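Protein chains: 2
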Amino acid sequence: MSTSIRVLLADDEDLIRTGLRIIVESEPGLSVVGEAADGAAAVSLARSLRPDVVLMDVRMPAVDGIQATRALTAAQGAPKVVVVTTFENDDYVYEALLAGASGFLLKRARADELVQAIRVVAAGESLLFPAAIRSLVAARGAARAVPGIGRLTAREGDVLRLMARGLSNAEIAAELVVGTETVKTHVGNVLTKLGARDRTQAVVAAYESGFVSPR
Amino acid sequence: MSTSIRVLLADDEDLIRTGLRIIVESEPGLSVVGEAADGAAAVSLARSLRPDVVLMDVRMPAVDGIQATRALTAAQGAPKVVVVTTFENDDYVYEALLAGASGFLLKRARADELVQAIRVVAAGESLLFPAAIRSLVAARGAARAVPGIGRLTAREGDVLRLMARGLSNAEIAAELVVGTETVKTHVGNVLTKLGARDRTQAVVAAYESGFVSPR
DNA sequence: ACCCGCCTCCCCCGCGCGGGGGAAATGTCG
DNA sequence: CGACATTTCCCCCGCGCGGGGGAGGCGGGT
Numbered sequence: 001m002s003t004s005i006r007v008l009l010a011d012d013e014d015l016i017r018t019g020l021r022i023i024v025e026s027e028p029g030l031s032v033v034g035e036a037a038d039g040a041a042a043v044s045l046a047r048s049l050r051p052d053v054v055l056m057d058v059r060m061p062a063v064d065g066i067q068a069t070r071a072l073t074a075a076q077g078a079p080k081v082v083v084v085t086t087f088e089n090d091d092y093v094y095e096a097l098l099a100g101a102s103g104f105l106l107k108r109a110r111a112d113e114l115v116q117a118i119r120v121v122a123a124g125e126s127l128l129f130p131a132a133i134r135s136l137v138a139a140r141g142a143a144r145a146v147p148g149i150g151r152l153t154a155r156e157g158d159v160l161r162l163m164a165r166g167l168s169n170a171e172i173a174a175e176l177v178v179g180t181e182t183v184k185t186h187v188g189n190v191l192t193k194l195g196a197r198d199r200t201q202a203v204v205a206a207y208e209s210g211f212v213s214p215r
Numbered sequence: 001m002s003t004s005i006r007v008l009l010a011d012d013e014d015l016i017r018t019g020l021r022i023i024v025e026s027e028p029g030l031s032v033v034g035e036a037a038d039g040a041a042a043v044s045l046a047r048s049l050r051p052d053v054v055l056m057d058v059r060m061p062a063v064d065g066i067q068a069t070r071a072l073t074a075a076q077g078a079p080k081v082v083v084v085t086t087f088e089n090d091d092y093v094y095e096a097l098l099a100g101a102s103g104f105l106l107k108r109a110r111a112d113e114l115v116q117a118i119r120v121v122a123a124g125e126s127l128l129f130p131a132a133i134r135s136l137v138a139a140r141g142a143a144r145a146v147p148g149i150g151r152l153t154a155r156e157g158d159v160l161r162l163m164a165r166g167l168s169n170a171e172i173a174a175e176l177v178v179g180t181e182t183v184k185t186h187v188g189n190v191l192t193k194l195g196a197r198d199r200t201q202a203v204v205a206a207y208e209s210g211f212v213s214p215r
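Chains as they are written, first to last, in full-length UniProt numbering: chain B, 1 to 215; chain Z, 1 to 215.
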């Protein structure tokens with residue numbers, strides 16, 4: 001294994017880079033091998049320095065973080081990229097992951113979360129912060145919202161999730177530890193609210209709306 | 001945040017549980033609140049103890065880890081589940097994530113990786129080990145995630161696509177300009193080949209395998 | 001020519017599902 | 001306190017669905 005995880009910083013703001021550098025350098029087993037102020041510099045520096053992890057800002061002059069990520073992750077033996085952004089409500093999440101990023105974090109993350117993220121992606125795993133996941137789901141669901149899917153109660157949502165796993169009413173009743181008649185009521189309510197004729201149409205609506213996702 | 005991350009162990013082997021307990025307990029901020037030797041016990045213990053994270057073995061007597069995970073993650077406010085398995089070449093990855101697991105790890109993982117995984121999922125993030133990602137990506141690329149979906153005939157594929165749009169047998173028959181009895185035959189064949197019990201499970205399989213996509 | 005897979009259509013049968021009603025127990029909120 | 005939503009359970013009923021057979025035509029293979 002590597003003795004130390006080599007990190008490259010890419011951010012156009014000096015202040016941010018300095019802050020990141022301090023956090024990374026103060027952590028045993030992590031070291032900063034270079035800094036870049038724009039996407040183009042990040043790509044060329046990454047090719048020469050061959051870091052393990054690149055902390056990539058999204059908004060940068062010339063070449064933005066998404067493009068740089070795409071360029072970096074195309075090659076084999078490429079560094080892992082953690083995209084770091086300021087804003088939570090961010091369409092970049094999806095594009096960043098599509099571009100090959102292994103992680104997505106907010107700048108307001110605590111130092112230990114940042115360090116954790118670096119170690120995780122360096123180990124080859126992937127990491128998303130909660131809001132990023134919601135953002136992904138929302139981005140899909142908002143686009144083709146099914147009228148009424150937001151009007152489901154908590155319990156009805158539970159039932160729909162289990163329906164979308166292919167469970168029968170009896171199985172759902174067993175999972176939720178209630179009677180089958182109760183499940184029938186919830187299922188009926190879900191069908192009515194979603195405008196579905198049968199459970200299959202409800203499951204289709206659940207997938208199309210992003211209420212559940214193919215994982 | 002919480003003072004300590006509460007962990008429930010579910011594994012049928014005492015040795016493994018002991019090992020896990022030692023690793024978890026020796027870590028500041030983590031504590032083991034209970035142990036279960038089978039899936040059923042894991043579910044009931046989780047409901048009473050309300051842990052933050054459940055370390056779930058796949059192979060257990062009575063109720064296996066996948067079923068237990070499905071039962072646990074159905075409800076809202078459910079604990080995060082990290083599925084732990086011995087074998088890397090594992091179809092369980094897919095099913096575990098389908099069942100709602102937040103993480104998937106190998107038993108051969110190092111102690112610090114395990115601890116890291118617990119912290120990550122407790123924070124609401126998701127974590128996969130490299131091979132699991134490859135497995136998922138591979139499963140998505142080719143429509144082979146569901147055994148038998150590649151064995152569908154052209155006509156059966158047509159029928160499945162229409163099923164996945166929520167059409168009834170009669171509507172499918174009208175769409176394909178054949179008799180309802182013919183559609184019933186195709187539907188029956190699709191169910192058999194996909195190992196599905198009813199049309200809803202077949203539609204779920206169609207979505208999960210990428211045979212149809214939420215547009 | 002033969003077999004075999006595919007598509008087509010038909011029979012019967014059991015059961016889960018969905019629609020119709022009602023009702024009681026919670027908890028919330030003005 | 002009353003109005004309301006939510007969750008839980010119960011009744012009856014009709015029908016679509018799924019499983020079990022079988023059967024004929026049509027094409028492509030060794």
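The beta carbon of each residue, even a glycine, is placed where N, CA and C say it ideally should be. None of these values were measured; they are calculated from a predicted model.
Check: Does the Cβ-Cβ distance between residue 224 of chain Z and Z/V190 come in under 8 Å?; Outcome: Nothing about residue 224 of chain Z can be reported from this structure: the residues present for chain Z run from 1 to 215 only.
Check: Since Z/A111 and Z/V54 should fall inside the 8 Å C-beta cutoff, what is the C-beta to C-beta distance between them, to a whole number of angstroms?; Outcome: Their Cβ separation, rounded to whole angstroms, is 18 Å, which puts Z/A111 and Z/V54 out of contact at 8 Å.
Check: Could you tell me whether the Cβ of B/R110 comes closer than 8 Å to any Cβ of chain Z?; Outcome: no
Check: If you draw a straight line from the C-alpha of Z/R70 to the C-alpha of B/P79, how long is it?; Outcome: 35 Å
Check: Just reading off the alpha helix (DSSP H) that B/E13 is part of, what are its end residues?; Outcome: Careful: B/E13 lies outside any alpha helix (DSSP H) and carries neither H nor E.
Check: What are the boundary residues of the alpha helix (DSSP H) that Z/V159 is part of?; Outcome: 154 to 163
Check: Mind pulling the chain Z residues with CB within less than 7 Å of B/V203?; Outcome: T200, V203, V204
Check: Using only the alpha-carbon positions, how far apart do Z/I5 and Z/L176 sit?; Outcome: 56 Å
Check: Return no unless some Cβ of chain B is closer than 8 Å to the Cβ of Z/G210.; Outcome: yes
Check: Going along chain B, which residues have a C-beta under 8 Å from Z/E113?; Outcome: A123
Check: What is the DSSP secondary structure of B/R17, counted as helix, strand or coil?; Outcome: helix
Check: Roughly how many whole angstroms lie between the Cα atoms of Z/Q116 and Z/R47?; Outcome: 24 Å
Check: What residue does the alpha helix (DSSP H) around B/V54 start on, and which one ends it?; Outcome: Per DSSP, B/V54 belongs to no alpha helix (DSSP H); it is in the beta strand (DSSP E), 53 to 57.
Check: Nearest by alpha-carbon distance to Z/G66: which of Z/P51, Z/D38, Z/R50, Z/L49 is it?; Outcome: The sequence shown places Ile at residue 66 of chain Z, rather than the Gly named in the question. Residue Z/D38 is the option with its Cα nearest to Z/I66.
Check: Give the DSSP-derived three-state secondary structure of B/G34 in the structure shown.; Outcome: strand
Check: Measure the CB-CB distance between B/L105 and B/V81 and report whether it falls below 8 Å.; Outcome: no
Check: Report the residue from Z/L194, Z/R199, Z/A41, Z/M60 whose alpha carbon sits nearest the alpha carbon of Z/I16.; Outcome: Z/M60
Check: Using the rule of at least 16 other Cβ atoms within 10 Å of the residue's Cβ for burial, across every protein chain shown, is B/G166 buried or exposed?; Outcome: buried
Check: Give the single residue among Z/N169, Z/A174, Z/V183, Z/A164 whose Cα lies nearest to the Cα of Z/R155.; Outcome: Z/V183
Check: Look at B/I23 and B/L114 and say whether their C-beta atoms are less than 8 Å apart.; Outcome: yes
Check: Along the chain, where does the alpha helix (DSSP H) containing Z/G103 start, and where does it finish?; Outcome: Careful: Z/G103 lies outside any alpha helix (DSSP H), inside the beta strand (DSSP E) at 103 to 106.
Check: Counting only Cβ pairs nearer than 8 Å, list the residues of chain Z close to B/E181.; Outcome: Ordered by position in chain Z, no residue passes the 8 Å Cβ test against B/E181, which lies about 18 Å from the chain.
Check: Determine which residues share a DSSP beta bridge with Z/K80 and list them.; Outcome: Z/V53
Check: Please report the distance separating the alpha-carbon of Z/S31 from that of Z/A40.; Outcome: 22 Å
Check: So what does DSSP say about B/A142, is it helix, strand or coil?; Outcome: Reliability fails at B/A142, whose pLDDT of 40 lies under 50, so the model's placement of it is uncertain and no value is given.
Check: DSSP three-state call for Z/R6: helix, strand or coil?; Outcome: strand
Check: So what's Z/T86 in DSSP terms, helix, strand or just coil?; Outcome: coil
Check: Reducing DSSP to helix, strand and coil, say where Z/L191 ends up.; Outcome: helix
Check: Mapping the DSSP letters down to three states, classify B/S213 as helix, strand or coil.; Outcome: coil
Check: Helix, strand or coil: how does DSSP classify Z/A196 here?; Outcome: coil
Check: Comparing alpha-carbon positions, which option in B/E27, B/L49, B/L20 lies nearest B/D57?; Outcome: B/L20
Check: Less than 8 Å between CB atoms is the rule here; does B/E25 satisfy it with respect to chain Z?; Outcome: no
Check: Our contact map puts Z/P51 next to Z/V63 with C-beta atoms below 8 Å; I'd like the distance itself, whole angstroms only.; Outcome: Not quite, the Cβ-Cβ distance comes to about 17 Å (not below 8 Å), so this is no contact.
Check: Using three-state DSSP, classify Z/E27 as helix, strand or coil.; Outcome: coil
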